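A short write-up of the structure that comes next.
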Amino acid sequence: MKRNILKIFSLACVATLSTATADAATDSGVKVEHLGVNNTLVRVDGDARYLLMPVQESNDDAKINVIVDGKLDRTIYVRLAKSKVDYQVPFDLSGYKGHKVVLSVVTSQDRGSVREASDDACWSNFTLSDTFDTANREKYRPAFHHTPLYGWMNDPNGMVYKDGVWHLYYQANPYGSKWQNMTWGHSSSKDLVNWEHHPVAIEPDGLGTIFSGSSVLDPRNTAGFGPDAIVSLYTSAAESQIQSLAHSVDGGMTFEKYPGNPVITLDSEARDPNMFWYEPTGEWILTLAHALDREMLIYASPDLKNWTLRSAFGKGLGAQEGVWECPDLFELPVDGTDRKKWVLICNLNPGGPFGGSATQYFTGDFDGTTFTPDRDAEGKVPTKWMDFGKDHYATVSFSDAPDSRRTVIGWMSNWQYAAEVPTRQFRSANTLPRDLRLFTGADGQLYLASAPSPELDALRAAQVKKAGKTSLSANPRKYPLPSENDGICEIQLGLVSRHGAPVTMTLSNAKGEKTVMVYDPKQHTLSFDRRESGIVDFSIDFPAVTTAPVLGSDDKLSLRIFVDRSSVEVFGNDGELVMTNLVFPTEPYTTLSVTAAGKAEMTSLSIWSLNPAK
Ligand code: FRU
């Protein structure tokens, strides 16, 4: 990376100036002029591709009005450095060639004088450069999970499959590794494993920043954007939240916004529109999170532009503690038969079973107007959770996936501490892709199973362990984990505990850091303890034990455990139980130990080293 560290101005000169301008001309194409205690102009001159902006994460956001040839082009918020520079973020200048660019920076700190303001570390660290370093060198950056190239990411959204390509859009901040400046980032994949990064797909505009939404194909050309278009609906978020439309005719790379935006307005907070084609009535259906009312609104439309409210679902039902966000409504076969039922995903934050964010869902029926939830034997609508870890949120599915697949990806973090996790150049990864199905639990209720998508098998490098039947006791059986690529691996094991003895599986390293999973056949639970898993002290909400019900009726449990550099995902009985948890061991886990508090058996064990995704 080219680093033109700029010599910007002389403090002595600033101190003696009594006029508003504290001049700081440079030979580097950046000129800083202080206009007052909280306002500074940064003039940019030259042909460089990027203006690199210095960030200090603990600082407040500065409001930056980007003025091009005297007109306000956009406003962005950046945590400009005050006492030290943590990292730089790129502001892309390539669209402004031949124009005059001035940043009018408004900071919010209390300052006694312009002299004090001019001491901020940021002013001497604005850098013009033709390159921006996105090298993937952070210790905790996952090796086989999707992450943004740099900067902050939350919800995956707008996901759609078209012409052999899985498009993953996501909530992104291009100007820092904490939440802000929401745009739709974009990655795509031909195999759900290797992801290619693309330029930002949808950027903020006068209606607001770009919150979550969904995308569909419109082969019937109902919207008039052409039969090949990808049509996306998202929330424009400013003083209020309204719903806006955009479409792409270049395979999802660039989007044009609909001039008639917004297409849905309400007098209360609503977001994350998720649409699909409903064949029986030949129209589009949309679910929209009526966030603070904790319900999902259901709309219909003939053309993706004109939407009519049909019904609302959820008031008083399920988990109601937090706001409802990111809905998804779809039909799935039951127990592998021709029988179908509907699933309504209602992400919720906070109020998850282990605190903070989580994904609940309802099973039921949908008739084009109303979603009617299933009830249990007592006539109650049960609360069901899709994943029993702490780091599974905003999960929604790809539209138009091939072979009738319902493939989902979630955000692998939790609003409780997502902005504090020990990474810097990027923050947050997505979960592994999962394919959904419905199954009947021992209680007769329908549940969602989320199995690892079959494409993930391609990650396997070498089978480093294969064992048949092995009896378990209090004496630990120890298996080394692969050491290549920081120990990333997949572990498959089958357990039987006929007499109900709990079985403990521990991932550990030489430093004594450990992640402990306990299968308790009597309680029908699997628990996951990350209290001593590595770095846990960045948030009081991080150390935790999460517990999942084992819904099958027998004493057997088969597990697939995916260990990446900063996460462990556990899938039980082909996805009938799922737990997604972040962990930050200071060294990779090197050993799997298995013990039983009584008589139990491991029916099989396989450990694969995995290849990093490309
Ligand atoms: C969920 C969410 C959405 C919203 C987005 C904003 O995590 O709060 O409701 O659209 O994040 O980034």
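Every letter in the sequence shown is one number past the one before it in my numbering, and letter 614, counting from 1, is 614.
No residue lacks a Cβ here, since even glycine has one placed at the ideal position from N, Cα and C.
Note that the structure is predicted; figures quoted are calculated from it, not measured.
Beta carbon of residue i, beta carbon of residue j: below 7 angstroms?
{"i": "N573", "j": "G552", "result": "yes"}
{"i": "V476", "j": "T595", "result": "Correcting the residue type first, residue 476 is Pro in the shown sequence and not Val. It is a contact, given that the beta carbons lie within the stated cut-off."}
{"i": "S566", "j": "F584", "result": "yes"}
{"i": "D435", "j": "T407", "result": "yes"}
{"i": "L577", "j": "V550", "result": "yes"}
{"i": "T383", "j": "G318", "result": "yes"}
{"i": "W385", "j": "P353", "result": "yes"}
{"i": "A223", "j": "D303", "result": "yes"}
{"i": "L459", "j": "N611", "result": "yes"}
{"i": "R296", "j": "L233", "result": "The question names Arg, but residue 296 in the sequence shown is Met. No."}
{"i": "G176", "j": "V106", "result": "no"}
{"i": "T586", "j": "G512", "result": "no"}
{"i": "G598", "j": "H499", "result": "yes"}
{"i": "A62", "j": "V78", "result": "yes"}
{"i": "S187", "j": "H197", "result": "yes"}
{"i": "F562", "j": "E490", "result": "yes"}
{"i": "K514", "j": "T506", "result": "yes"}
{"i": "E455", "j": "V165", "result": "no"}
{"i": "V114", "j": "Y87", "result": "no"}
Which partner residues does residue i have in the DSSP bridge list?
{"i": "W670", "result": "Within the shown structure, residues of the chain are numbered from 1 to 614, placing residue 670 beyond reach of any answer."}
{"i": "N65", "result": "T75 and S104"}
{"i": "D520", "result": "T525"}
{"i": "I210", "result": "S236"}
{"i": "H247", "result": "V231 and E256"}
{"i": "T407", "result": "D435"}
{"i": "H198", "result": "H186"}
{"i": "N347", "result": "E325 and T359"}
If you follow the alpha helix (DSSP H) that residue i is part of, which residue opens it and which one closes it?
{"i": "E116", "result": "V114 to S118"}
Between the alpha carbons of residue i and residue j, how many angstroms are there, rounded?
{"i": "C122", "j": "D60", "result": "13 angstroms"}
{"i": "S357", "j": "V32", "result": "42 angstroms"}
{"i": "Y170", "j": "L128", "result": "28 angstroms"}
{"i": "A172", "j": "A449", "result": "29 angstroms"}
{"i": "G112", "j": "K82", "result": "15 angstroms"}
{"i": "R339", "j": "F439", "result": "11 angstroms"}
{"i": "I124", "j": "G46", "result": "Note that residue 124 corresponds to Ser in the displayed sequence, not to Ile. Cα to Cα, S124 sits roughly 17 angstroms from G46."}
{"i": "K617", "j": "Q425", "result": "This structure gives no information on residue 617, because the portion of the chain shown stretches from 1 to 614."}
{"i": "L605", "j": "S593", "result": "12 angstroms"}
{"i": "L103", "j": "R137", "result": "31 angstroms"}
{"i": "D328", "j": "T287", "result": "7 angstroms"}
{"i": "P142", "j": "A429", "result": "7 angstroms"}
{"i": "S609", "j": "F313", "result": "45 angstroms"}
{"i": "I210", "j": "D520", "result": "45 angstroms"}
{"i": "L495", "j": "I488", "result": "22 angstroms"}
{"i": "S215", "j": "G158", "result": "5 angstroms"}
{"i": "L332", "j": "V343", "result": "7 angstroms"}
{"i": "V231", "j": "I345", "result": "21 angstroms"}
{"i": "S244", "j": "L446", "result": "35 angstroms"}
Pick helix, strand or coil for residue i, following the three-state DSSP scheme.
{"i": "N274", "result": "strand"}
{"i": "L317", "result": "coil"}
{"i": "W123", "result": "helix"}
{"i": "P402", "result": "helix"}
{"i": "D239", "result": "The sequence given here places Glu at residue 239; Asp does not occur at that position. Residue state, collapsed to three classes: coil."}
{"i": "D205", "result": "strand"}
{"i": "G487", "result": "helix"}
{"i": "T281", "result": "helix"}
{"i": "E455", "result": "helix"}
{"i": "D435", "result": "strand"}
{"i": "Y417", "result": "coil"}
{"i": "Y447", "result": "strand"}
{"i": "L304", "result": "coil"}
{"i": "L292", "result": "helix"}
{"i": "Y678", "result": "An answer regarding residue 678 cannot be provided, because it is not within the stretch 1 to 614 covered by the chain."}
{"i": "Y140", "result": "coil"}
{"i": "G95", "result": "helix"}
{"i": "H167", "result": "strand"}
Over what stretch of residues does the beta strand (DSSP E) that includes residue i continue unbroken?
{"i": "D92", "result": "Y87 to D92"}
{"i": "Y50", "result": "Y50 to V55"}
{"i": "F562", "result": "K556 to D564"}
{"i": "D155", "result": "G151 to K162"}
{"i": "R43", "result": "N39 to V44"}
{"i": "R460", "result": "R460 to A467"}
{"i": "K31", "result": "V30 to G36"}
{"i": "H186", "result": "T183 to S189"}
{"i": "V594", "result": "T591 to A596"}
{"i": "V381", "result": "Here V381 belongs to no beta strand (DSSP E), and DSSP marks it neither H nor E."}
{"i": "P480", "result": "R477 to P480"}
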